[in-house]
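*Asks:* Here the protein sequences line up with chains A and B, keeping their order. Here full-length UniProt numbering is used: position 138 in the first sequence is 138, and no number is missing along the way. Here full-length UniProt numbering is used: position 3 in the second sequence is 3, and no number is missing along the way. Where a beta carbon is used, it is the ideal one built from N, C-alpha and C, also for glycine. For reference, the structure I am asking about is given below.
Protein chains: 2
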Amino acid sequence: MKIIIVDDDILVSTSLKTIIEANEGFEVLAVANSGEDAIKLYHEHQPDILLMDIRMEKMNGLQAAEEIVKTFSHAKVLFLTTFADDEYIIKALKIGAKGYILKQHYNCIIPALNAVYSGQVVFGEEIMNKLPSVMSNQVNKKNYQDFGIIDKEFQIISFVSKGLSNKEIAKELYLSEGTVRNYISIILEKLELRDRTQLAIFYFNHLL
Amino acid sequence: MKIIIVDDDILVSTSLKTIIEANEGFEVLAVANSGEDAIKLYHEHQPDILLMDIRMEKMNGLQAAEEIVKTFSHAKVLFLTTFADDEYIIKALKIGAKGYILKQHYNCIIPALNAVYSGQVVFGEEIMNKLPSVMSNQVNKKNYQDFGIIDKEFQIISFVSKGLSNKEIAKELYLSEGTVRNYISIILEKLELRDRTQLAIFYFNHLL
DNA sequence: AGATTCATATGACAATTGTAATATTTTCTT
DNA sequence: AAGAAAATATTACAATTGTCATATGAATCT
């Protein structure tokens, strides 16, 4: 199994290399210490698995992975990181990462690599536990900004998506009911929707 | 690593046993051929991992797992099944299964067992690909049945939750608009909601 | 100061929605 | 076939919603 390790902390990447190469059948083709490096080395070596940290200076692991997957759609990226950060998890899932595990469980690395190599997708247990809440709570504001939704509008959207009526939203935001209506009217137009129900649905579909 | 295998097809379970025991460090403590059996054997042996089929006569794997997890909350259940059935996946996730992989990839079993043993959660790639759609489309009907929602009503709920107007739903279901309105009125009362937007929200919150 | 933009508001209107009471039709039961 | 239960429909009404055109006041710019 040919692996490339990416981590901007040389201490980490070398000890990873040691751990991995202590096992039969594992070969570390290269060690990168930045996202850019990772991309370059991936093109050169085309490893079976890319074992990558997320938080790195300049280009982070997620960006690098995204770039790589664009070219090599079958690339297997296993993220190895310190924090189970919601945003990272979401992004990793979106990119189609084959795994997301925490560094602290170093004894998990070999089994995870094996599992990924054999075509599975692996999550650390902490990550798995977070998945449901991540999926249902995290809102990606960027989706809205893309449609030209401004902050106030977004606020209103989130009230609509909690099931409040115009009157209730107005009270909540110290606006007149008419103003709220106007806002919603504009939001609907921007999002090309017809009514508040579709708006709430849109909201829920853009979770994650 | 101590394992119990559960499959009502003896051919499958014995060949699994052979495959697993061919590897160093794996021990198959027992083989069950039904859900009830699995529960009994789990209590007796308390294995590290329960490798279980889902579809079985009488008590299926999911029910058995649920029962077992109730008593042994740390139980590690790895489902090994033929189909990536949406409902099964959801249920497995809910129970807190540590993995869900497909039988056809028999070479994945050992890596998966290792990964689960080391505390990770493993999904076959097909399963992983299905996750997003499963999460956002599959509804657990039981939640609705609890509220006394009948099939027709449920149908309407799902249309509302797609953003259709009463008129559109009526056309879709070959009913009059008034009838649809009546249905919704009753649904709202049953669910103690106020309007279709809250209904859609309810729907999305009861996904999974 | 004058012009412009922005946030908020108003009023009038039509469409949609939710409710309730009652009717009609279909299906099931025996 | 008669009666009960269900599914579907109708009507009328009130409330909410979405749209639009326009107004007001405050903040910003030059």
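In angstroms with no decimal places, state the Cα-to-Cα distance between B:Leu-188 and B:Gly-119.
*Replies:* For the purposes of this step, residue 188 of chain B is taken as residue 188 along the second sequence, with counting starting at 1. For the purposes of this step, residue 119 of chain B is taken as residue 119 along the second sequence, with counting starting at 1. Between B:Leu-188 and B:Gly-119, the C-alpha separation is close to 44 Å.
*Asks:* What are the residues that DSSP puts in a beta bridge with A:Lys-2?
*Replies:* Within the first sequence, numbered from 1, the residue matching residue 2 of chain A stands at position 2. A:Glu-27, per the DSSP bridge assignment.
*Asks:* Does A:Asn-23 come within less than 9 Å of chain B when only Cβ atoms are used?
*Replies:* Along the first sequence, one-based indexing puts residue 23 of chain A at 23. Output row for A:Asn-23: interface = no.
*Asks:* Classify B:Ile-20 as helix, strand or coil using the three-state DSSP reduction.
*Replies:* Position 20 of the second sequence, counted from the start, is the residue given in the question as residue 20 of chain B. In the structure shown, B:Ile-20 sits in a helix (DSSP, three-state: H, G or I).
*Asks:* Assign B:Gly-178 to one of three DSSP states: helix, strand, or coil.
*Replies:* For the purposes of this step, residue 178 of chain B is taken as residue 178 along the second sequence, with counting starting at 1. The answer is helix: DSSP assigns B:Gly-178 an H, G or I state.
*Asks:* Using a beta-carbon distance below 9 Å, is A:Gln-138 in contact with chain B?
*Replies:* Position 138 of the first sequence, counted from the start, is the residue given in the question as residue 138 of chain A. In this prediction, A:Gln-138 scores a pLDDT of 46, lower than 50, which makes its location untrustworthy; the coordinate-derived value is nonetheless stated afterwards. Output row for A:Gln-138: interface = no.
*Asks:* Mind listing the chain A neighbours of B:Ile-157? Cutoff is C-beta to C-beta under 9 Å, in chain order.
*Replies:* Numbered from 1 along the second sequence, position 157 holds the residue referred to as residue 157 of chain B. Here the premise fails: no neighbours, minimum Cβ distance about 12 Å.
*Asks:* Which partner residues of B:Thr-14 appear in the DSSP bridge assignment?
*Replies:* Looking up residue 14 of chain B in the second sequence gives position 14. Paired residue(s): none; B:Thr-14 is not in a bridge.
*Asks:* For B:Glu-125, decide whether its Cβ has a neighbour in chain A, counting only Cβ atoms nearer than 9 Å.
*Replies:* Counted from its first residue, the second sequence places residue 125 of chain B at position 125. Chain A contact via Cβ: present.
*Asks:* DSSP three-state label for A:Leu-191, please.
*Replies:* Working through the first sequence from its first residue, we reach residue 191 of chain A at position 191. Three-state DSSP puts A:Leu-191 in a helix.
*Asks:* Leaving out five residues on either side along the sequence, give the residues of the same chain with a beta carbon under 8 Å from the beta carbon of A:Ile-95.
*Replies:* Along the first sequence, one-based indexing puts residue 95 of chain A at 95. Around A:Ile-95: Leu-62, Ala-65, Glu-66, Val-69, Val-77.
*Asks:* DSSP beta-bridge partners for A:Tyr-100?
*Replies:* Within the first sequence, residue 100 of chain A is the residue found at index 100, counting from 1. A:Phe-79, A:Phe-123.
*Asks:* Which whole-angstrom value describes the C-beta separation of A:Ala-30 and A:Ile-4, a residue pair presumed to lie in contact below a C-beta threshold of 8 Å?
*Replies:* Residue 30 of chain A sits at position 30 when you count from the first residue of the first sequence. Residue 4 of chain A sits at position 4 when you count from the first residue of the first sequence. The Cβ separation is near 5 Å, so the contact holds.
*Asks:* Would you mind giving the Cβ-Cβ distance between A:Met-52 and A:Val-6, rounded to the nearest angstrom? I have them listed as a contact below 8 Å.
*Replies:* Along the first sequence, read from residue 1 onward, the residue named residue 52 of chain A stands at position 52. Along the first sequence, read from residue 1 onward, the residue named residue 6 of chain A stands at position 6. A:Met-52 to A:Val-6, Cβ: 4 Å. Contact.
*Asks:* Cα separation between B:Phe-26 and B:Gln-46?
*Replies:* Taking the second sequence and counting its residues from 1, one reaches residue 26 of chain B at position 26. Taking the second sequence and counting its residues from 1, one reaches residue 46 of chain B at position 46. In a straight line, the C-alpha of B:Phe-26 is about 15 Å away from that of B:Gln-46.
*Asks:* Could you please give me the residues that DSSP links to A:Met-52 through a beta bridge?
*Replies:* Mapped onto the first sequence, residue 52 of chain A falls at position 52. Beta-bridge pairing links A:Met-52 to A:Val-6, A:Phe-79.
*Asks:* Starting from B:Asp-86, trace the alpha helix (DSSP H) both ways and give me its first and last residue.
*Replies:* Within the second sequence, the letter at position 86 stands for residue 86 of chain B. Segment 86-95, the alpha helix (DSSP H) holding B:Asp-86.
*Asks:* Keeping to the same chain, check which residues put their C-beta closer than 7 Å to that of B:Lys-167; ignore five residues upstream and five downstream.
*Replies:* Here residue 167 of chain B refers to the residue found at position 167 when the second sequence is read from its first residue. Result list for B:Lys-167: Glu-177, in chain order.
*Asks:* Taking only beta-carbon atoms, is A:Arg-55 less than 9 Å away from chain B?
*Replies:* Reading the first sequence from its first residue, position 55 is the one you call residue 55 of chain A. So, not an interface residue.
*Asks:* Measuring only the C-alpha atoms, how far is B:Met-59 from A:Val-160?
*Replies:* The residue labelled residue 59 of chain B in the question sits at position 59 within the second sequence. The residue labelled residue 160 of chain A in the question sits at position 160 within the first sequence. Distance between the alpha carbons of B:Met-59 and A:Val-160: 43 Å.
*Asks:* Straight-line CA distance for B:Lys-190 to B:Ile-49?
*Replies:* The sequence position of residue 190 of chain B within the second sequence is 190, counting from 1. The sequence position of residue 49 of chain B within the second sequence is 49, counting from 1. Roughly 42 Å between the two C-alpha positions.
*Asks:* Report the residue from B:Tyr-88, B:Tyr-106, B:Tyr-42 whose alpha carbon sits nearest the alpha carbon of B:Leu-16.
*Replies:* The sequence position of residue 16 of chain B within the second sequence is 16, counting from 1. Nearest C-alpha to B:Leu-16: B:Tyr-106.
*Asks:* Can you say whether A:Leu-41 is buried or exposed, counting buried as having 16 or more other CB atoms within 10 angstroms of its CB?
*Replies:* Position 41 of the first sequence, counted from the start, is the residue given in the question as residue 41 of chain A. It counts as buried.
*Asks:* Leaving aside the five residues before and after B:Ile-54 along the sequence, list all residues of the same chain whose C-beta is less than 7 Å from its C-beta, in chain order.
*Replies:* What you label residue 54 of chain B is simply residue 54 of the second sequence in a count that begins at 1. Asn-60, Gly-61, Leu-62, Phe-79, Thr-81, Tyr-88, listed in sequence order.
*Asks:* Less than 6 Å between C-beta atoms, sequence neighbours within five positions excluded: which residues of the same chain meet that for A:Ala-38?
*Replies:* Sequence index remark: in the first sequence, residue 38 of chain A carries index 38 (1-based). Here the set comprises Val-6, Ala-32, Ala-64.
*Asks:* Using a Cβ cut-off of 8 Å, pull out every chain A residue sitting near B:Asn-107, in sequence order please.
*Replies:* Along the second sequence, read from residue 1 onward, the residue named residue 107 of chain B stands at position 107. Going along chain A in sequence order, the residues near B:Asn-107 (Cβ under 8 Å) are Ser-118.
*Asks:* Could you check the C-alpha separation between B:Lys-152 and A:Gln-198 for me, to the nearest Å?
*Replies:* Taking the first residue of the second sequence as 1, we reach residue 152 of chain B at position 152. Taking the first residue of the first sequence as 1, we reach residue 198 of chain A at position 198. The straight-line gap from Cα to Cα measures roughly 21 Å.
*Asks:* Within the 9 Å Cβ cut-off, does B:Val-121 reach chain A?
*Replies:* Counted from its first residue, the second sequence places residue 121 of chain B at position 121. Chain A contact via Cβ: present.
*Asks:* May I ask which residues mark the beginning and end of the alpha helix (DSSP H) holding B:Lys-162?
*Replies:* Taking the first residue of the second sequence as position 1, residue 162 of chain B is located at position 162. Segment: none, B:Lys-162 is in no alpha helix (DSSP H) and carries neither H nor E.
*Asks:* Could one say the Cβ of A:Ser-185 lies closer than 9 Å to chain B's Cβ atoms, at least one of them?
*Replies:* Locating residue 185 of chain A in the first sequence gives position 185, counting from the first residue. So, not an interface residue.
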